[in-house]
Structure formats: structure tokens, C-alpha cells
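Encoded as C-alpha cells, the structure appears first; notes follow it.
Protein chains: 2
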Amino acid sequence: MTERLTLFDTTLRDGQQTQGVQFSTPEKLEIAALLDALGIDYIEGGWPGANPTDSEFFATPPETQAILTAFGMTKRAGRSAANDDVLAGVVNANTPAVCLVGKTHDFHVETALGISLDENVSNIRDSFAHLVSLGRETFFDAEHFFDGYKSNPAYALECLHAAYGEGATVVLCDTNGGTLPAEISATVAAVIDSGIDGARLGIHTHNDTGTAVAGTLAAVDAGARHIQGTLNGLGERCGNANLTSIIPTLLLKEPYRSRYTTGVNEENLPQLIVASRKLDDILNRVPNKHAPYIGASAFAHKAGLHASAILKDPTTYEHIDPGSVGNSRIIPMSNQAGQSNLRKRLSEMGLKDFDTSALPRILEVIKQREDEGYSYDTAQASFELLARRELGLLPNFFEVKRYKVTVERRKNKYDKMISLSEAVVVVKVGKDKMLSVSESLDETGSDRGPVNALAKALAKDLGPYSAMIEDMRLVDFKVRITQGGTEAVTRVIIDSADSRGNRWSTVGVSPNIVDASFEALLDAINWKLIREGAHVA
Amino acid sequence: MTERLTLFDTTLRDGQQTQGVQFSTPEKLEIAALLDALGIDYIEGGWPGANPTDSEFFATPPETQAILTAFGMTKRAGRSAANDDVLAGVVNANTPAVCLVGKTHDFHVETALGISLDENVSNIRDSFAHLVSLGRETFFDAEHFFDGYKSNPAYALECLHAAYGEGATVVLCDTNGGTLPAEISATVAAVIDSGIDGARLGIHTHNDTGTAVAGTLAAVDAGARHIQGTLNGLGERCGNANLTSIIPTLLLKEPYRSRYTTGVNEENLPQLIVASRKLDDILNRVPNKHAPYIGASAFAHKAGLHASAILKDPTTYEHIDPGSVGNSRIIPMSNQAGQSNLRKRLSEMGLKDFDTSALPRILEVIKQREDEGYSYDTAQASFELLARRELGLLPNFFEVKRYKVTVERRKNKYDKMISLSEAVVVVKVGKDKMLSVSESLDETGSDRGPVNALAKALAKDLGPYSAMIEDMRLVDFKVRITQGGTEAVTRVIIDSADSRGNRWSTVGVSPNIVDASFEALLDAINWKLIREGAHVA
């Protein structure tokens, strides 16, 4: 018999406490959809009433299989639960589940809240009684529980039971992140001994000692069955327990694999990389190559001894099959395995009958371009164009002879500062030279900048191709300074989409951001023309 | 009575297996000096004979208090230890200590080495007998020990004792990184039960499940007294156990603090940040802000509730004193922030006697700006300017009347595509109108783009201020598309630095990337002028 573990994601709430992270409402909705596709049980969306973004998210909640959860805090002293306006803000979000944080550490009750220990217990009890009377599923985030238990075990347990007695699942939070796994294990066991059922006992760790994942596993080993964490370990300070490490361990490694089931099943496990990378995209962060299970280097075998053994039997240096998490093995490009990887990638692009003698040259060009600052991890469309070029399979649809773009900022006749971008592009299509000019004003009259002006001018007259690229649109634009050889260069990645549902990424690199953008733009158009089956004019 | 734990750093050997990492000999010497200053007991410098860099390092070894260790592998079958040329290469490095890796997993002996189980045991025994006869201190890196012990416990222990019997300290290596802490703990206990003294028993973990640090602590809990790891957790695949997390835990946290001593003492602990950042500098990596103990965000308190409690008593939300590891507390701004957070920030900026009635208005402006796409978590300098503006403490040093920037790409006379950016800026300083123009070519003749051209034109003539901003330089530039109200906007964050060692970040937001950059640039200059004590012209 296996037991069910429940997974509770707090990327949208505790994850938003990460320094430098500020989700917009559409981003929150996008992340919620990723979590839902993965099979997470509970999605904590934020604190309704605490800020406009969170309120907006709950005003137009996503439709998910996962149970949407609103976060808040236990009612304050001196008013009833029904009359606490902060709690009312949370209740009014009308989510099926509510998670309230409250104090369990005597020192915090007296120092931070400045109320009596008994008042705090009443606040907890009354808050949960109120929520349960409204028919909500409830969670109690017992703040600083481990420190509280160390300081005053009887009081910490009393707080826990106040919520538990009303029907809440109680979650032991290591809020400071300072508790090591051995102590987590002992404390969880003591909590269960006090009469709390593991099925309604959760763990919430932080990574301040680098042991958040292990602390979570230690709690499960000791009997807790509810797990809180975030994608990519986002979270205040050093982050929360990283679900992208915990979930594969629970599904793939013993003793967890035999003992437990979760809402995420093995079939969905490859979605973890998708969700992780998408989150990094949203945050414009470089994915951590060395992340357990999902990092690009997680199965990269650099040591010569390892690489040669791997070729004999992959289990020699891999604790799991990389494919089980949607990841893949990397063995330095120079050897046999590099070529077979490349062949696989090309056939995935629909390139099947090609001259295999070109493979070593393609690997060489990739290496050289990566040295210059290019990156083909996400820019698959640019990678395809590179390979096609080397294979002699890239038609020369058109040639850009020159361009010029101007951005001007000055006062308009109403004495208001306005800006205007204008681009001129000269293109040769077959024997025809086309000269196009475009501004970058959108329908609201606001200036979208030089890259937009260039894109519009370029698309304006591409002769026979214009109709084919009409439905293209730029959906994302990421810029980063990176090292290209010895100098800093700008790398631009452009995501494009069309009405057929294609979405593709291209890359450009230059010290000049406009040049880099233009290069990525040209790749985007060329890829689209190939997909449309364009012929050279 | 405390026991001594020994620390063994393998950054220069296993750390070099990190994808993308290749140290030069001078870099290895620099890192060795950092490790030595910290008080590490053993520095594993590499594998003499395996590659030119490692051989060169041992040919001119650093002078260290730490014991320099050469890495190699046990002798191969069919020759004596004295006649194995690979082992001879290691011996000839003449280091006081030698660490040899060898097999302990029956499957590997037969699959990867293709020799008999007995031959492997002899190879281990003979190799260590040889090294000990030469007077070397020895370590046996027992490869795949945990998997080997699971597969064939008697054989794994036999291999271990073959080295131990000759005098080696035996190190249990979780080479695949797949062993979880609970199993490490049980296996270490079994090894001690087999008659191995914990003082000569070591642990070497990898982070493939995100538990390398916890696995190391579990081994210490079970009796191992020797620890191998790397700075910043460098290492093959997901990296090795991270010494920058382990060392502070051993020195500052219970039960380790009371039970053990190490070569690193509390006084030297702040050197850990120095060593970690220096290593990132060498590798041209961005330091991990969220690294336990040493990350820039490790003591950043973003949540409003946390920030207000921290002001009452720092121990409320910090598990250790940030100063003990040479780190410091950060209270960033965000839409979660409360007034107490804000007041603290302002006083840190040196703003003490201000009109506190302005605080709610400042919070309101921050919220509104964040809704428009601004972010003040990292752009602390722009935040300061915003607060000063609201408090009436921001001098109007100069006014930009208009600018115009052009980027042109075309063929030069050698028929090569080149680009050129040019900017014209019109500024009013006091009663004077200044008109400046600048190109963006750098010393190598390459075009750095429109933002660079604008920055140069702006700095060119700011009248009395020009001298004050002469030492400013742009050190980083980050761009992302974000949501501003209902439309997508570009957010630019610029990091600037000057010769006084100041480093500051500013933010600009606009649908037009050039406008957004220009706004961040203006903030950067204004912040610098305030720091220089500029007066309005």
C-alpha cells in the first residue's frame, strides 16, 4: 500500500518574496497553468488585499484542477475573525482553500505581536473556526515552529492544536531557515506524538543552510505527508525548498518511489523542466545549469574516465535515467556521442537526408559561435538555420543591404516629452531593391522603439514573402550582456509566434543592441519562410 | 571535549570537472592562496601528469600552511605499483599527501575495469603500501562506495579495508550523487562498525539530488571526521558538497559548534565570502545571490511583516548574525513593503530628518510605479531618487531638452557590413543650453550601440558636473519585457560603478528601449551627483 503525499506550491506567494522578483498578474496566471499541468495539488496564489497584483489575480482566478489557495494571516487581537478586515480580504477572494500564517513561538508573540500568549492562541482558534464555518479547506502555516518548539514546546504545540482542532492541516514552517534536517526529523516525530495525524501535517523549509530539500525529506521520513515548496527554489533570502529537486526524488528514488504517490506522475515529470525554464524566462534569469535533475549540466560527463564508462553502460555514472525527467546526457561535443546527439536533433527538425560528413563542421561552428556569446539552448530556430546553412539547405530568400533607425525624444506642441522611432530598411529580393520606411507608433500613439520600427519596415515590403510573414508577431524579447571572446557583447533572444500556433526563438549577438536585435529578427523571418515553404524569388 | 574535523578542498580537481570550467595555472595558485588564508587543512591541486595545467601547478607548487595533495588513481592491473607510469606521475609531484581514487563497486570493477574482484583489491593494497613506504600521507577516494555497498557490502568493505590497513584515510564517495542523507548515515555507521575509526573516515558527496550538504552533515553525525568539498559547490554535473555552506554550519550551528573544531576559525569565517566572490570573478560568473550564508540576498528581508519584526529584534528572522560570515542585512523595497521597512531604508541612505508624513505618499508612488513596470528591489539608487523627489530633497541639477540617436548599418568601402551609432543631446544646465554629439566607437573601432552613444554625448558637456561624473562607468545592463499596466513595456536596469568603489543600480521603463535606457542613465548620473555633493548650477 502506498500513501499519498500532497504537494503545495507557493511560488506565487513565498516565491514572490525573492529579492528582484515581482510577478505581474498575467505572469502569475501563466505560472499557475504550468503548475497545474504538472499535477501540483495546491497553488497558493498570493495574499488578496495585500497588493494590487495579488488582488487582481484572485479577481480573475485561473481555472485549474489544482486547488487554488489564498494566503493571509490569523486575525489580529481586539476584533472578531468576522470583523478583521485583513482576514476579510482573504475570505473574499472566495478560494476553496485558505492558508493562514500565525505565530507559535512565544518570543515572537511577545516581541513582534506584543500580545499575550493566550490571546494568540485564541486568534488562531477563532480564525480557523471562522474559515471552516465558511466551508473552506484550511492550512495553518505555523511560523517559526521549530524555534518555537525549542523555546517552549508546550506552547508551540498548543498553538498547533488550536488550528488542528478546528480542522486545519498544520504546516511546520522553518521560517528562519536555520533548522537542520536531524532536528526537523525529531520535531516532526514529537508533533505526531502529540496527537497530530501525519496526513494533516505539513513541512515548509527554507534553504538558509543549504539543506531545505533534505529537511523536507527528513520531515516525510518522520511522518509528515504535506509538502510546501517553490519552483526553482524561489523564496525569501536563500529561497524555499525546491520542488524541482524534491518531486523527482519522491517519484524516482527509494524509499519514496515504493512508499508514496503524488499528484505528479512519472508521465508528467518532464513538464518539470518546461515549468522551470519558463519561470526563468519570465524572470529573465539564466537557468541554473547545475540544478539537480533538471539543469542542463545535470547529466554532463566531463571527466574522461566517466565519459568512457558511460558509453559502456550509462548506469555507471548516472543515478537515474536523464530521460525520466525530460533531461538528456551531455558528453563533450568532440566525441562520437556529440555527433549522435546532433544527428538526433537534426532529425527532430525534419532534416533526415543530409550529408553526415558535415556533422563535425557543424559542431565546430556551434562551439565557435558559443565562444562569441551565442547560445542555442533556447534559440532552437537559430540553431536550425545554422545547421541548414552548413548543410547547404538554407535558401537565400532576401538580402538586407542597409538600414538606418532613429530615435528622437523631444517636446511636442503641448510641451510634453514624446519619443518617435523611425526606420529605413533597404532589401534586395531577387533582382528587386526595396526601400521601406516605418515609424513605431502603436494604435494608442505610443512609441514602441527602434526594434519595432525595424521589424515593421522590414516586413513592409519583402515582395512575394510579405504575405507569408503577415501573421508573425514578436512575443518576447530578452537582452543580456554576456562575454563574447574578450569583450562584453549584447545577446538578444526574440520569441516569435504566428497564427498557426508556432512559437520559435532566435538569437543575435553584437556589441550594439540594435544590431543584435536585427540579427535575431532576420533569423525569425527566415525560419518562418522555411516553415511556409517559401521558394527563392 | 571537542573533536577535530578535517576539511579537504577539491575545487582545483573535482571542481575543474564543472562544465565550462578550465583553470589556468596562475588561477589555481590564486585559489590555493584563498583556501589557505581560510584555514582549509588539505588542498587537492589536481592530477599531476593528466594534463599540462595540473603538471605545471605541481611543478611550481604554492607555499601553503595547508597540506598540498596530488590526486591520481590506484595502479592498474598487470604491473607493480612502482612500475605504473600513471601512479609515478602522481608520486613525482612530491606532495606531502596523495589521494587515489579506486573502485569498490563490484559492477564497476567488472564492467568498467574488466578485471577480477581480487585483482582490484590487490591494486588498492599495493598502491597504498607503495605510497606509505615513500612516507606520504594517503587518502583513498572509494568511488561509488554507497552503490557498491548496496550491491555487495562485503566486497565494498574489503576494498576499503585494503587501503585502510595500509594506513590510508578512507573517503566514502557518492560518485553518482544519488545517495540520500538517510542512507549515507546508515552506511557510514556500518563502515565504522566494520572496524574503521571515524578519525580516518571521510565523506565526499555530489549534489545530484540537492542534498550534498545534508549528506555531508549526516556522515559527520554518523561518525565520519573528514570532509571533502568545493568552493561554491563546483564539480561535475550538479557539483560537489558546497564548503561555503558546510563551513559556517560547522562553526556557527548546533550541535556542531559545541562538538567540533576545524582549521577554519570564526575569525577567518568572513574570508569565505572573499574566496567565493574571487572564484566567481576568476570564472566570470555572477555570484549566486541566494547562496546560504554568503549570498547577497541571504539576509534580505522583503516581506513587510518580516521587515518590521527585524527592526524590533534581528533574531526574529535571522538564524545567525549576518556579520559573523561577513555578510549584511538588506531590506529591499517592493510592493510588499511597509512603512517601517521604508523608514529603515531612508535612514540607511543618510536621510534622517525628513518629513515622516511623506512616507505613505512614497509607498503609494512606489506601488504605482511598480504597476507601471518599475522594480526597486535591486535598483536602490532609483529608489533613493524617488524618495528624495517626494521629500523635496532632489536638486534639479540639469534638464534634458531633447535627444536624437541614430543607428546605421551598411557596407563600408571594403564591402563589409559595419554599424555606427551617433547621439545628439541637448541639455540645459542653469541658464546654459549645451548641445553635444557623440559616436559610440570603442578603442577597437567597434560600435557599442545607441545607449553607449547617448551616455557619451550626455557626459560630454554637463558644465560644472562633467568633472564629477568622469569616473563613472556602466558595468552591467539588463533588459526585459514586462507588463506595465495593460501594455508590454521594456524595463532596463543599469549597474554603474566609480573609482571610489561605489556600485549602484538604476531603472528605467518605457515601451521604447532607448527611452528606458536613457531614464536609467539619467538616474545613475543624478545619484552620482548627489554622492559627490553637487550643488545646483
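Sequence lines, in order, name chains A and B.
Numbering (this note's numbering) for the first sequence: 169 to 705.
Numbering (this note's numbering) for the second sequence: 169 to 705.
A virtual CB, placed ideally from N, CA and C, is assigned to each residue, including glycine.
Predicted model only: the values in this text are computed from it and were never measured.
- Message: At the 8 Å Cβ level, is B:Phe314 part of the contact set with chain A, yes or no?
- Response: Walking along the second sequence from the start, residue 314 of chain B turns up at place 146. Answer no: the Cβ-Cβ gap between B:Phe314 and chain A never drops below 8 Å.
- Message: Spatial neighbours of B:Gly518 within its chain, please: C-beta separation below 6 Å, excluding the five flanking residues on both sides.
- Response: Your numbering for residue 518 of chain B matches position 350 in the second sequence. Taken in chain order, the list of residues that qualify is empty.
- Query: At what residues does the beta strand (DSSP E) containing A:Arg570 begin and finish?
  - Reply: Taking the first residue of the first sequence as position 1, residue 570 of chain A is located at position 402. Element bounds for A:Arg570: 567 to 579.
- Task: Using a Cβ-Cβ cut-off of 8 Å, state whether A:Gln536 counts as contacting chain B.
- Result: Position 368 of the first sequence holds residue 536 of chain A. By this cut-off, A:Gln536 is not an interface position.
- Query: Pick from A:Glu351, A:Asn344, A:Gly345, A:Arg393: whose alpha carbon is nearest that of A:Asp365?
  - Reply: To locate residue 365 of chain A, count along the first sequence from 1; it is residue 197. Checking every option, the nearest Cα to that of A:Asp365 belongs to A:Arg393.
- Query: Taking DSSP as the reference, what is the three-state secondary structure of B:His329?
  - Reply: As a working mapping, residue 329 of chain B is identified with position 161 in the second sequence. B:His329 falls in the helix class under three-state DSSP.
- Length of the line joining the Cα atoms of B:Asp521 and B:Ala623: In the second sequence, residue 521 of chain B corresponds to position 353, counting from 1. In the second sequence, residue 623 of chain B corresponds to position 455, counting from 1. For B:Asp521 and B:Ala623, the distance between alpha carbons rounds to 34 Å.
- For A:Thr279, collect the residues of the same chain with a Cβ closer than 7 Å to its Cβ; drop the 5 residues on either side in sequence, then sort them by chain order. Residue mapping note: residue 279 of chain A aligns to position 111 of the first sequence, counting from 1. So no residue of the chain qualifies.
- From the DSSP output, read off the bridge partner residues of A:Phe645. Sequence index remark: in the first sequence, residue 645 of chain A carries index 477 (1-based). Its beta-bridge partners are A:Ile662.
- Query: A:Leu340 lies in the beta strand (DSSP E); which residues open and close that run?
  - Reply: Taking the first sequence and counting its residues from 1, the one referred to as residue 340 of chain A is at position 172. Residues 337 to 341.
- Task: Please confirm whether B:Arg181 and B:Glu212 have their CB atoms less than 8 Å apart.
- Result: By one-based count along the second sequence, residue 181 of chain B stands at place 13. By one-based count along the second sequence, residue 212 of chain B stands at place 44. Yes.
- Look up A:Val397 in the DSSP assignment and give the residues it is bridged to. Working through the first sequence from its first residue, we reach residue 397 of chain A at position 229. Checking the sequence, you will find Gly at residue 397 of chain A rather than Val. The partner list for A:Gly397 (beta bridge, DSSP) reads A:Asp177.
- Query: A:Gly617: which of B:Ala625, B:Val573, B:Pro632 sits nearest, CA to CA?
  - Reply: Within the first sequence, numbered from 1, the residue matching residue 617 of chain A stands at position 449. For the residues B:Ala625, B:Val573, B:Pro632, the minimum Cα distance to A:Gly617 belongs to B:Val573.
- When DSSP labels each residue in this structure, what does B:Leu697 get in the three-state scheme? Here the question's residue 697 of chain B lines up with position 529 in the second sequence. Here B:Leu697 sits in helix by DSSP.
- When you compare each of A:Phe467, A:Ile488, A:Leu325 to A:Ile498 by their alpha carbons, which one comes out closest? The residue labelled residue 498 of chain A in the question sits at position 330 within the first sequence. Answer by Cα proximity: A:Phe467.
- Mind reading off the beta-carbon distance from A:Val266 to A:Thr228? Whole number of angstroms is fine, and I expect it under 8 Å. Counted from its first residue, the first sequence places residue 266 of chain A at position 98. Counted from its first residue, the first sequence places residue 228 of chain A at position 60. Not a contact, Cβ separation roughly 19 Å.
- Query: Distance, Cα to Cα, B:Thr412 vs A:Ser634?
  - Reply: As a first step, residue 412 of chain B is located in the second sequence; it is residue number 244 there, counting from the start. As a first step, residue 634 of chain A is located in the first sequence; it is residue number 466 there, counting from the start. Roughly 56 Å separates the two Cα atoms.
- Message: Please list the terminal residues of the continuous beta strand (DSSP E) segment that includes A:Ala280.
- Response: Numbered from its first residue, the first sequence carries residue 280 of chain A at position 112. First-last for A:Ala280: undefined, no H or E at that position.
- Under 9 Å from the C-beta of A:Glu532: neighbouring residues of chain B: Here residue 532 of chain A refers to the residue found at position 364 of the first sequence. Ordered by position in chain B, no residue passes the 9 Å Cβ test against A:Glu532, which lies about 18 Å from the chain.
- Within 10 angstroms of its Cβ, does B:Asn580 collect 16 or more other Cβ (buried), or is it exposed? Here residue 580 of chain B refers to the residue found at position 412 of the second sequence. Looking at its Cβ environment, which holds fewer than 16 other Cβ atoms inside 10 Å, B:Asn580 is exposed.
- Does any CB atom of chain B fall closer than 8 Å to the CB of A:Val266? As a first step, residue 266 of chain A is located in the first sequence; it is residue number 98 there, counting from the start. Closer than 8 Å: no.
- Tell me whether A:Lys646 is buried or exposed, calling it buried when 16 or more other Cβ atoms sit within 10 Å of its Cβ. For the purposes of this step, residue 646 of chain A is taken as the residue at position 478 of the first sequence. The residue in question, A:Lys646, is buried, as its Cβ has 16 or more Cβ neighbours within 10 Å.
- Message: Using a Cβ-Cβ distance cut-off of 8 Å, determine whether B:Gly240 contacts chain E.
- Response: Among the chains of the structure shown, chain E does not appear; the protein chains present are A and B.
- Query: Is there a Cβ from chain A that is less than 8 Å from the Cβ of B:Gln396?
  - Reply: Position 228 of the second sequence, counted from the first residue, corresponds to residue 396 of chain B. No - not a single Cβ of chain A is within 8 Å of the one on B:Gln396.
- Measure from the alpha carbon of A:Ala464 to the alpha carbon of each residue in B:His329, B:Pro423, B:Arg405, then state which is nearest. Taking the first sequence and counting its residues from 1, the one referred to as residue 464 of chain A is at position 296. Closest by alpha carbon: B:Arg405.
- Query: What distance in whole Å lies between the Cβ atoms of A:Thr484 and B:His276, which are believed to be in contact at a cut-off of 8 Å?
  - Reply: Residue numbering aside, residue 276 of chain B sits at position 108 when the second sequence is read from its first letter. Residue numbering aside, residue 484 of chain A sits at position 316 when the first sequence is read from its first letter. Rounded, the Cβ-Cβ distance is 6 Å, consistent with contact.
- Please state if the CB of B:Asp610 and the CB of B:Leu588 are separated by a distance shorter than 8 Å. The count along the second sequence starts at 1 and reaches residue 588 of chain B at position 420. The count along the second sequence starts at 1 and reaches residue 610 of chain B at position 442. No, the Cβ-Cβ distance between B:Leu588 and B:Asp610 is not below 8 Å.
- Give the secondary structure of B:Ser284 by DSSP, where H, G and I count as helix, E and B as strand, and everything else as coil. If you number the second sequence from 1, residue 284 of chain B lands on position 116. In the structure shown, B:Ser284 sits in coil (DSSP, three-state: anything other than H, G, I, E or B).
- Proximal residues to A:Met501 (C-beta, below 6 Å), its chain only, five neighbours per side dropped: If you number the first sequence from 1, residue 501 of chain A lands on position 333. Annotation note: pLDDT 47 at A:Met501 (below 50); position unreliable, coordinate value reported separately. Counting only Cβ-Cβ distances below 6 Å, and skipping sequence neighbours, we find Leu531.
- Leaving out five residues on either side along the sequence, give the residues of the same chain with a beta carbon under 6 Å from the beta carbon of A:Val432. If you number the first sequence from 1, residue 432 of chain A lands on position 264. Excluding positions up to five away in sequence, the list reads Leu206, Gly207, Ile415.
- Message: For A:Arg577, would you say it is in contact with chain B, using Cβ-to-Cβ distances shorter than 8 Å as the test?
- Response: The residue labelled residue 577 of chain A in the question sits at position 409 within the first sequence. For A:Arg577, the answer is yes, since a Cβ of chain B falls inside 8 Å of its Cβ.
- Stretch pair the segment 455 to 462 of chain A + the segment 242 to 260 of chain B: three plus CB contacts closer than 8 Å: no
- Message: Please list, in chain order, the residues of the segment 316 to 343 of chain A that have any C-beta partner in chain B closer than 8 Å.
- Response: Thr343
- Message: By the 7 Å beta-carbon criterion, what residues does the segment 261 to 289 of chain B contribute toward chain A?
- Response: His276, Thr279, Ala280
- Item | Minimum Cβ-Cβ distance from A:Thr377 to chain B less than 8 Å | Mapped onto the first sequence, residue 377 of chain A falls at position 209. Answer yes: the Cβ-Cβ gap between A:Thr377 and chain B drops below 8 Å somewhere.
- DSSP state of B:Asp615 mapped onto helix, strand, coil: Residue 615 of chain B sits at position 447 when you count from the first residue of the second sequence. B:Asp615 falls in the strand class under three-state DSSP.
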